[in-house]
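Inspection log for the structure reproduced underneath, given as structure tokens.
Number of protein chains: 4
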Amino acid sequence: MKVSSEIDEFKDECGIFAIINNVEAANIAYLGLHGLQHRGQESAGIVTMNDSQLYAYRRLGLVSEIFTPEALKKLPGRTAIGHVRYSTSGESSISNAQPLTVHCSKGSIAVAHNGNLTNALTMRKDFEGLGAIFQTTSDTEVLLHHISRSDCNDVDAVVDALNSAKGAYSIAFLFKDKVICARDPNGLRPLCIGKLGESYVVSSESVAFNLIGAEFLRDVNPGEVLVFSEDGQMASSQPLHSARKSSCLFEYVYFARPDSIIDGVSVYYARKRMGAILAEESSVEADIVVPVPDSGMAAAIGFSERSGIPFEQGLIRSHYVGRTFIEPQQSIRNFGVKLKLNPSRTVLEGKRVIVIDDSLVRGTTSRKIIDNIRKAGAKEVHFRISSPPIKFSCRYGVDTPTNEELLANQMTIDEIAKYIGVDSLAYLSVEGLKRAVDENGGYCTACFNGDYPISYEDEGVKLQLRFEGL
Amino acid sequence: MKVSSEIDEFKDECGIFAIINNVEAANIAYLGLHGLQHRGQESAGIVTMNDSQLYAYRRLGLVSEIFTPEALKKLPGRTAIGHVRYSTSGESSISNAQPLTVHCSKGSIAVAHNGNLTNALTMRKDFEGLGAIFQTTSDTEVLLHHISRSDCNDVDAVVDALNSAKGAYSIAFLFKDKVICARDPNGLRPLCIGKLGESYVVSSESVAFNLIGAEFLRDVNPGEVLVFSEDGQMASSQPLHSARKSSCLFEYVYFARPDSIIDGVSVYYARKRMGAILAEESSVEADIVVPVPDSGMAAAIGFSERSGIPFEQGLIRSHYVGRTFIEPQQSIRNFGVKLKLNPSRTVLEGKRVIVIDDSLVRGTTSRKIIDNIRKAGAKEVHFRISSPPIKFSCRYGVDTPTNEELLANQMTIDEIAKYIGVDSLAYLSVEGLKRAVDENGGYCTACFNGDYPISYEDEGVKLQLRFEGL
Amino acid sequence: MKVSSEIDEFKDECGIFAIINNVEAANIAYLGLHGLQHRGQESAGIVTMNDSQLYAYRRLGLVSEIFTPEALKKLPGRTAIGHVRYSTSGESSISNAQPLTVHCSKGSIAVAHNGNLTNALTMRKDFEGLGAIFQTTSDTEVLLHHISRSDCNDVDAVVDALNSAKGAYSIAFLFKDKVICARDPNGLRPLCIGKLGESYVVSSESVAFNLIGAEFLRDVNPGEVLVFSEDGQMASSQPLHSARKSSCLFEYVYFARPDSIIDGVSVYYARKRMGAILAEESSVEADIVVPVPDSGMAAAIGFSERSGIPFEQGLIRSHYVGRTFIEPQQSIRNFGVKLKLNPSRTVLEGKRVIVIDDSLVRGTTSRKIIDNIRKAGAKEVHFRISSPPIKFSCRYGVDTPTNEELLANQMTIDEIAKYIGVDSLAYLSVEGLKRAVDENGGYCTACFNGDYPISYEDEGVKLQLRFEGL
Amino acid sequence: MKVSSEIDEFKDECGIFAIINNVEAANIAYLGLHGLQHRGQESAGIVTMNDSQLYAYRRLGLVSEIFTPEALKKLPGRTAIGHVRYSTSGESSISNAQPLTVHCSKGSIAVAHNGNLTNALTMRKDFEGLGAIFQTTSDTEVLLHHISRSDCNDVDAVVDALNSAKGAYSIAFLFKDKVICARDPNGLRPLCIGKLGESYVVSSESVAFNLIGAEFLRDVNPGEVLVFSEDGQMASSQPLHSARKSSCLFEYVYFARPDSIIDGVSVYYARKRMGAILAEESSVEADIVVPVPDSGMAAAIGFSERSGIPFEQGLIRSHYVGRTFIEPQQSIRNFGVKLKLNPSRTVLEGKRVIVIDDSLVRGTTSRKIIDNIRKAGAKEVHFRISSPPIKFSCRYGVDTPTNEELLANQMTIDEIAKYIGVDSLAYLSVEGLKRAVDENGGYCTACFNGDYPISYEDEGVKLQLRFEGL
């Protein structure tokens, strides 16, 4: 198999935020996006509505860098939606940054979308045949074409568009006098509602409410459509085709912040339970349990508690790596990884070490970490992963490598153990993961076992002519 | 009247460039845009076509800053179009930067446009009624909607779109296997064709050919459509509705570079003739002729030659003003203007001075210059403008103030003379200007006398809902 | 008392690094400084010696940003010293960035210094009386004046200069054919020696050796002077006045990285022991132990282990705060602190919480953290500090507030508890801290009890005329 | 001979500015430095004195970029000196940026210097022997060492220091209660005095007074020392060794702005006379006179007037070249030069052209300009230089190439004509130049004929150990 040397982790996908009926709408949206920054670090945008006119500010970069006081001053109005994004292409690009903004028969509309539509190319071809022009390569754009061609009112136009689409979406539409939010019938991506004084707020994750001091009301239900009028009323309905609940387990494993609660489950405690169940399933004699910080932290605490093996900080994370770090040309082996995560010789030397991480994608970084741990004197290295082997690409908005690039799709566990150089390797079972999150189930396990909950219409349809806005 | 303190000059509008069948297409387009930089300093963009796919790079800033070697490497292909732009809004914005790129039933298309359509809003309303969505506020976008809805071949679709549009356009369309260029039937904006080895090049002004070492072939005719196949063949036709030739006199007065030739007339010599005829029409007893550099330079040489009054550098232009200059808060009167154009006391003191400039828009800067010249000891100041009074806003792509903000629309010449503080003031006559450019005529004089050559359909149509991509 | 709202933590002081006899001297110094970045984030510099000529590169910023490949190429030679620094003034300044470089009778010399001289002003006055000119406000500069006026050889000149100085110094001098390193007789600041192939390396902390793959040899002894010849020989002597060993306890508490070993003691395990002894001294009934990340992490692990109270991640640290973060004007209470450290409601709600941090300086940040923890639903909050109360300013290179600004100098523990809003507060005892680090003692406890190990000659001497290089 | 391809022009050297007794001292100094920007574009600095303390701000870059309102706010006080500088080394460096600031027995002192000392190395060696340390490679630093070692009062200390130095200096010293300015006995570099309300201002050139609205009082005399007390009194004396007046002719030819007056002579009219005398000395039959803008402008006007040959703009200067312009790799011949100065085909084609420039250093750029003019169709090209051939390097502060790199030192005029490709070439005679400036004489002609007015003590003395602050 070809083992790519590219960055060895999942990319967070996207996060969305909305606020209705607030004099400081743009400011609050900015603060809310801070709390969703971990879901996308490539670009961020806020669009506000004021007097039937959209004001948009979208840039490449981090939320804290983009939204200067000057930028926020340019975003008047009492209603705002925001978006953070990690691009799926290698090339950073502003042209797909969201929220998208368009102008059509229904006036100006903006949309922010987390997820992925699995029949977007098919819909796109259909609209092109009708004379539509596309200005992005985003799957989200087809929804706007659907809405602009509808004779119905705004809400029905949105519902029709969503019903014609398939796939994953937590989404917010900004109209001149309302905001419409929806979560796909499978509930693949998270979305929740909060209240800040007289204002409603909607967010991909509840942590954003903590930051802005908003009260958490509830999760948006799979298939639910919420209409917020500009004066701050909320109406709920379930007009979308129903489907079996299949929310994304990787939100709990990796994407979401530990201080978020998704569909009633604390992400932090779910991770601790993953670690504890992992200890039940596959503990081993060892002297210390060491997390890969920060991703393996909660699971390692859970593993240590259940196994009774002491928890130690054996890998020290540096906070000063910087973005512009340049690996020295001819020099220190694994320097980049050591700079980020230095193995502490005093902790590791002569020890039998259980290393805990949350997932294993390509294995290239893990391999270096393990090598560094051995060089720091560890006697044995046992690697424990608090999620099952990932064997299939995600179709619902997570930027996974192709099947061919996924280590667990190409190798047995023994082969992987050998490849990354550990004395033993074990993953959490799918059942263990489900149990850790919530025994009632309703999860998508496609990336573990290929059981995709939604049919894939775009198979074979290609975007033959593409353009790239660099 | 309200005398605005805003920047007191016309904004250059836009410049376009195209190259077909060249291994270094993006590089040559970049060099060509250098030569058109004076036509727009806000943003620049190049789009190339390679293997049916567009590659686009558009940014705010100057050509020299935007197109780094890294940027140019991202633009493969043997065909390219480019654009420089000055935004008409106060706010700098990337969202209207050209070339526009879209994807539709005809594949990927890019377009670069200099000019302004006078029925764009009307067309836009029509398309919106048919379900189209707009993602820019540019008038150019309507042409793409027209093309995408056509069942004809690419060329006919472009011709139909242009025939349904009214107004001014020098324009280049990039299709997967061809480039289509056109100049509006009135010939309002310039466009010319050159040859660089086996490659055709098209440019708003001939100076771009000088820079890249291309041979000037000819001007594009008003109403002419040129189709360049990807292998470097050119086909010409005149399929557009015919109209009376009305090319823009202000290209000669102000916009174009002196080293360009437009419709067979050297811009530099036209400006010298304007100065000479101005001397015939309204010379005055004086000691020296002083140009406002660099805009009044050529006219002042002509004025001096014809009048026999010596030409002197009485205003020294600084090349180090910088972009970030900040006017000191409580301090030196007219400092900013002096920093840019310092009156030389040794030249001016005790003299009767004729100051020559090419135009007078709001008069705010001229007023300060005159004040500075007087402070430097000039005995008399006579202001001579090498173009007629501007009384009407341009509808064809020049960012003019509203009629109410145009000095000459609101005041008599005597009032203006008093307002800017000169002993005498004279403008070139419209007849004199025509004579200076070319006695055969065929010019648009709308900004001088309100004689607009094209009917204005968008009067009263408003873009009620607008969005701004900041 | 006046409670300042300034940043509520100690500033790391400085870090130094040296490498002798290596073809990649500048590159290795750069990598070594990465490992010392936590000791100073304001400026960094590297000076190399090549063919009797110094090459210097010093800038404001982080190591990773400053030393681009282009910058490193400008630093030839087989010998290098480097420095990272945190400025003590509020204003960032390049003029005091180190290594300092001078040219004198002994040729060109560079020096990198961590520490503070307590008779620098007195020496400075003396030298000024002899006609010397000073170009920095750094205390280090007096050593160079001493050396330049010496008739002795380089080594004796350095020894004489150090013997005339008082205070704290881990220091490296770069001469044309040698590097001289020294640690002050009290051993206040750390310094250690390593070997990388045929090259010697010297560093403030051993973690830099881990990063570059160098072997740790030993700590430099208090009062030891090391001379490294350019061909890689090392000679050691103890020519400095002897003094009682008084190494800085705060290196263990706060400054040093947990993966460093200082004077034979692992910083990580020392911190765990601080937590454990703190649990012995002042545990309390509670449900969970929560560290303030990352500073309280190791102590919290130790506290949890000893007390048996479960360790939980109750404060989630964000890695995306960014440098340019701007606190919203009229908005969310404690937003900045929450953004950095968000209290996790699911962990804290209804719990009796022991919060562990390493130190308490002004208390302003702690107060906000506690407030946020309470708002997240904690039933009781018990604050435990793994170091004793700081009552006296440091004179040996740590940028402490004045005595008047130190919370523990102005308030009783009960008053502090009330001020920051906790149910109980306890500090580690001085004896407990000593025991946690090393029972054999030899530590400076001045900041806890005012027992300064070195007399302070500069008391009352003022730098009456100062200049500031902004 | 080796013809270097480096930048083919003299570097402006430096400019200095001082203001005494003004509430806006830093602001005025900033505005004044704007007017001296042409004398040095690499770095700029302002130092103010407030309450016996210096405040300094020095940066690489242009005046307009460096001195933001924030920067100016950091410069309190009623007295300021400023400096603009062009580095003589290829590498841009901040370490030699002026004003220099030091602290010594006389308190804090700052100094700004235009010129070059010809015994600086000798003095430096002497001071090093006495234990002095140098922190820059600037010749100016020796003066400060001299002053700091003096037992006299400030003024006598400065006079002694200047009397021990040789060479060229227009210089300003900032002491805690006074500013001392001086011009070297030969008067090599210009310096003049003005009055702005109750404040004295001193500047390298009078144009700075025009900009800030100050009244020009007079030039500083060669050998004059001026002492300005902090309350705005001025005292003049002539305490320096006397010498024959030898002011720099190149100030008139090239360095100074045309709107300055130096030693009673208008730079603009001097240049016009150079052109006129050049026409007398070596005119030729031709159709047009074309200046190389902007350097040859005034001389070309004078040449045209005297010869009767029409003046035309045949080379168009672009104002948008930008700093970051990158010459295309494989492409257009002489593109960079054309981009900056495009030959106008309509003006040049078929013409016999006299091209006027002010000087010819290495000839590399001129060669390209000539080539471009020929390609634009000129029938004959006659090159006229409004200064004599430069055969010797300057020792007084102008960054000239070595003798070996000076075209006129290595080739006859015929050879040069052939090398740069012109039909004829002529320079202004030395006598003609003197006559153009001022028939009374008193000029340095060393660069033309090697007649250096000051003995050169540093010949053979080398700065054996050097350091470079990059």
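Protein chains in written order, with the numbering used here: chain A, 63 to 532; chain B, 63 to 532; chain C, 63 to 532; chain D, 63 to 532.
All residues carry an ideal CB built from backbone N, CA and C; glycine is no exception.
Buried or exposed: where does residue i fall if 16 or more other Cβ atoms within 10 Å of its Cβ makes it buried?
i         : result
Arg-306/D : exposed
His-381/D : exposed
His-175/A : buried
Arg-429/A : buried
Cys-214/A : exposed
Ser-304/C : exposed
Glu-153/C : Confidence at Glu-153/C is low in this model, with a pLDDT of 46, below 50, so its placement is unreliable and no value can be given for it.
Gln-99/A  : buried
Tyr-518/A : exposed
Ser-328/D : buried
Gly-512/B : exposed
Could you confirm whether any beta carbon from chain A is found closer than 9 Å to the beta carbon of residue i?
i         : result
His-96/B  : no
Glu-374/B : no
Since residue i and residue j are thought to touch, with beta carbons under 8 Å apart, how far apart are those beta carbons, to the nearest angstrom?
i         : j         : result
Lys-441/C : Gly-483/C : Going by Cβ atoms, the distance from Lys-441/C to Gly-483/C rounds to 14 Å, so no, they are not a contact pair.
Leu-95/C  : Val-146/C : 6 Å
Ser-200/A : Leu-250/A : Going by Cβ atoms, the distance from Ser-200/A to Leu-250/A rounds to 18 Å, so no, they are not a contact pair.
Hey, quick one: how far does the beta strand (DSSP E) through residue i stretch, first residue to last?
i         : result
Phe-237/D : 229–237
Leu-162/A : 162–166
Met-111/D : 105–112
Is any beta-carbon of chain B found at less than 9 Å from that of residue i?
i         : result
Cys-166/A : yes
Leu-527/A : Caution applies to Leu-527/A, whose pLDDT of 48 falls short of 50 and renders its modelled position unreliable; the value that the coordinates give is listed next. Closer than 9 Å: yes.
Pro-451/D : no
Ala-194/A : yes
What's the gap between the Cα of residue i and the Cα of residue j?
i         : j         : result
Arg-436/A : Glu-367/C : 26 Å
Pro-515/B : Ala-508/B : 7 Å
Glu-68/D  : Asn-396/D : The predicted model places Glu-68/D with a pLDDT of 43, which falls under 50 and marks its position as unreliable; any figure quoted below should be read in that light. Each residue's alpha carbon lies about 14 Å from the other.
Gly-459/B : Ala-338/B : 29 Å
Thr-180/A : Ala-194/A : 20 Å
Asp-222/C : Phe-312/C : 29 Å
Leu-495/B : Val-315/B : 9 Å
Glu-286/C : Ser-265/C : 14 Å
Ile-418/B : Leu-273/D : 22 Å
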